[in-house]
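Take the sequence shown: its letter number 139 is residue 134 in our numbering, and every next letter is one higher.
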Amino acid sequence: MKILITGGGRGIGLELASFYAMRHQVSVTVRDERHANKVASLGARPLFLDLNQQQSINDLAKTLNGEAIDILIHNAGVLHPEGDLDEVDAFNFAHSIQVNALGPLLLTQALLPNLLAGQTRKLVFITSLMGSMSDNGAGSYYSYRASKAALNSVAKTLAVDLASDGVKVGIYHPGWVQTDMGGPRALIDVGTSVAGLTARIDELDETRSGRFLNNDGTPLPW
């Protein structure tokens, strides 16, 4: 299979790349050239992508023109920590929406011909339980919560709109993971998270498309 993973230079993305590169032909997007070397060492192909720039999305689509993609995994994301209302910043809020929600939508739009040329037609979004309205009992993190809620809405809508094309959409919370973003107090390590995520991706079919699931398969509230 041919797999494309965004944001694969570190953390969950790099672990996903490591898992799939042992089995399949994998391309991984990075924003930092230093991360490209780590990706290449796994046997995967590093590609540059900045989801904050439409031209970068267009350039990636040109690079991949004519290539089939069996699984497209949207993993790239950004978190601006806002402990309270006073820390909300307009630029950071817009940046979160662009990278975490609009960017994945525009990239899906640009790479849809590649996905339709693939055999499995799996479209995966690594989101967060922090995008859940029902589960929000802690507050704070305004831009991150809003952007992940927007991503969930985008992914669910794509599941509806692309169903007739045979595209299956996975919407997965990776857990609170011990990464640079999740921090050392997080509950699970990267290997545990990715083991669950890859199992969910493997079982993704028409009956599971468009569902919001934890990495262990537990249904989550919107």
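Beta carbons are placed, not taken as given, at the ideal position from N, Cα and C, and that holds for glycine. Everything numeric in this text was worked out from a predicted model, so none of it was measured.
- C-alpha of residue 40 to C-alpha of residue 131: approximately 38 Å in a straight line.
- The Cβ atoms of residue 44 and residue 58 lie no closer than 7 Å to each other.
- Spanning the alpha carbons of residue 188 and residue 134 requires a straight line of approximately 24 Å.
- Counting C-beta pairs closer than 8 Å gives three or more between the region 52 to 71 and the region 101 to 115, which meets the contact rule.
- For residue 20, the uninterrupted beta strand (DSSP E) run begins and ends at 20 to 25, by DSSP.
- Taken in chain order, the complete beta strand (DSSP E) segments of 3 or more residues contained in the region -3 to 47 are -3 to 0, 20 to 25, 40 to 43.
- Apart from the 5 residues on each side of it in sequence, residue 2 sits with its Cβ closer than 7 Å to the Cβ of 8, 24, 70, 71, 72 in its chain, given in chain order.
- For residue 68, the closest alpha carbon among the candidates 76, 11, 140 is that of 11.
- Closest option to residue 164, judged by alpha-carbon separation, among 75, 197, 170, 136: 197.
- For residue 125 against residue 66, the beta-carbon gap comes to about 24 Å, at or over 8 Å, which does not count as contact.
- Per DSSP, residue 168 is one residue of the beta strand (DSSP E) stretching across 163 to 168.
- Contact between the region 136 to 156 and the region 86 to 95 is present: three or more C-beta pairs spanning the two stretches fall below 8 Å.
- Around the beta carbon of residue 216, a 10 Å sphere encloses fewer than 16 other beta carbons of the protein chains shown; the residue is thus reported as exposed.
- A Cβ-Cβ separation of about 6 Å places residue 192 in contact with residue 169 under the 8 Å criterion.
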